[in-house]
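Q: Structure in structure tokens, see below.
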Amino acid sequence: MVQWRRANRFRNYRRMRRSFKIAVILFLFSTSGLWAQQLASPYAVSFIPKSVLIDTLNPSSILSNRAVERRSKQGIELSKTDVPIQRTYLSKIKSIVSHKGPASKWLNMLYVEATPEELVQLMSLDFVESIIPIRGGMSQQEIIELPYGYSESQTKQISLHSLHVHSDNGYDEIVALGEGMLIAVLDAGFVGANSITISDQLKTTTTRNFVEGGTNVYQGSSHGFSVLSTMASYQPEVFIGTAPQASYALIKTEKELSETPEEMFNWIAGAEFADSIGADIINSSLGYSTFDDPADDYTVADLDGRTSIISLGAVAAARTGMLVVTSAGNAGGSSWDKITFPADADSILTVGSVTQYGMASNFSSRGYTVDGRVKPNVSARGEG
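For the record, in the sequence shown the residue sitting at position 164 is 163 according to numbering that gives the first Met the number 0, with numbers rising by one throughout.
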């Protein structure tokens, strides 16, 4: 079952149309010239440590004879700070920023003036270690704000902005915006994803349809596109998603007009495909509990993480090393009320919905599992 705000299919349809309209609005805003309003500010771009063997350096190739003699008289040896910054680094950055200033080989830094949109491009470069604002009294640990637009409130609600672009996020490899990650989205269809621009940088590596067969996933439902847009969108001042630099695999596993146990096996097949292509993360906003034939229904007593076939498949997916992220479900307030399958599985991340005030959404499915485990594991904005 696609995780919409309500189980009622007519309400689902209205929400699908609203999600599609939102995507259209994002497209219209993308042509409004908002980027031109961004101002460039001064920053110091810090590069990764220089990979050079000092013993192999010829001093005269980087310093004058007089400079070498001066150091020799004082017993000062050459160091990596004497090595110039690679010209390829400087050329690449010049092609991105509004203004490139002088570089310091001693500090291993370059002065630039850049807009927020240009900062995002800089942080995606593998040779950039950090970006430091140049302003009096400002800490080097200051967070560089992105022009989130409408996504600002929901992003800051879970403090994700502090990870997105930070001058020193503490990681050896920068993946704050999803760089280098492959995210497999399992859903009911991705109508609009191939026709509406949510990002000029959108990287869709592969598609697969386990319902109708083949690779066309741009049919059936737009729900998958809505899910994708919350992660992959990059429209500065309009909407920036949670992982705009990641690559995405779009996988259709859900029959949008029926509810049968076969769809759970479609989900497992989709998860196995995600594993085969090397996906790092599975993102699935699908859940199952009752079916078109009541004889196939599960009961709340089955929420032990070991009974439903899809929960077993989710655990198997997690054991391959993928992070499996699933919605808690939209059964809150219904006769079922509890989380749906596979949200009860252990070793996976189950996400609930909260309002703009941090309160649990009425429609968001509740925990615990029947064996007493806490579910959902985390929550994020799902309405408001």
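The C-beta atom is built at its ideal place from N, Cα and C for all residues, glycine as well.
Going along the chain, which unbroken runs of the alpha helix (DSSP H) with 4 or more residues stay wholly within the segment 92 to 161?
A: 115 to 122 and 151 to 156
Q: Whole-angstrom Cβ separation of Ile338 and Thr354, contact assumed at under 8 Å?
A: Going by Cβ atoms, the distance from Ile338 to Thr354 rounds to 19 Å, so no, they are not a contact pair.
Q: Judging by CA-CA distance, which residue of Asp301, Ser310, Gly219 and Ile281 is the nearest neighbour of Phe264?
A: Ser310
Q: On the DSSP letters alone, give me the boundaries of the beta strand (DSSP E) that Thr204 sits inside.
A: Lys202 to Asn208
Q: Where do the N-terminal and C-terminal ends of the beta strand (DSSP E) with Ile308 fall, by residue?
A: Counting along the chain, Ile308 falls outside any beta strand (DSSP E), though it belongs to the alpha helix (DSSP H) covering Ile308 to Arg318.
Q: With Gly277 and Leu181 assumed to form a contact (beta carbons below 8 Å), what rounded beta-carbon distance in angstroms separates them?
A: 6 Å
Q: For Asp171, collect the residues of the same chain with a Cβ closer than 6 Å to its Cβ; drop the 5 residues on either side in sequence, then sort them by chain order.
A: With a pLDDT of 38 at Asp171, under the threshold of 50, the predicted position of this residue should be treated as unreliable, though the coordinate-derived value follows. Closer than 6 Å at the Cβ level, and outside the excluded window around Asp171, lies no residue.
Q: For Ser288, which residues from the same chain have a beta carbon less than 6 Å from its beta carbon, with the 5 sequence-adjacent residues on both sides left out?
A: Tyr297, Trp335 and Thr339
Q: With a CB to CB cut of under 6 Å and the five nearest residues on each side skipped, what residues in its chain are close to Ser283?
A: Leu185 and Thr325
Q: Please work out which residues of its chain come closer than 7 Å, Cβ to Cβ, to Asp301, disregarding the five sequence neighbours upstream and downstream, and give them in chain order.
A: Ser307
Q: My guess is that Ile280 and Ala183 are in contact by the Cβ rule of under 8 Å, so how many angstroms apart are they, rounded?
A: 7 Å
Q: Less than 8 Å between the CB atoms is what I'm expecting for Thr205 and Ala248, so what's the real figure, rounded?
A: 5 Å
Q: If we call anything under 8 Å between Cβ atoms a contact, is Asp291 one with Thr252?
A: no
Q: If Ile131 sits next to Ser40, beta carbons under 8 Å apart, how far is it from one beta carbon to the other, in whole angstroms?
A: The pair is not a contact, with the Cβ atoms about 12 Å apart (cut-off 8 Å).
Q: In the DSSP output, which residue or residues are listed as bridge partners for Gln234?
A: Gln234 pairs with Phe238.
Q: For Gly219 versus Gly188, is the C-beta distance shorter than 8 Å?
A: yes
Q: Could you check how far apart the C-beta atoms of Ala273 and Met321 are, in whole angstroms? I think they sit under 8 Å.
A: 7 Å
Q: Within a Cβ cutoff of 6 Å, which residues of the same chain sit near Ser123, ignoring the five residues on either side of it in sequence?
A: The answer, listed in chain order, is Glu178 and Gln244.
Q: Which term fits Asn57, buried or exposed, when burial requires 16 or more other beta carbons within 10 angstroms of its beta carbon?
A: exposed
Q: Assign Lys254 to one of three DSSP states: helix, strand, or coil.
A: coil
Q: Per DSSP, Pro41 forms a beta bridge with which residues?
A: Glu112
Q: Closest by CA to Ile47, which one among Val127, Ser221 and Leu109?
A: Val127
Q: What three-state label does DSSP hand Ser194 in the structure shown?
A: coil
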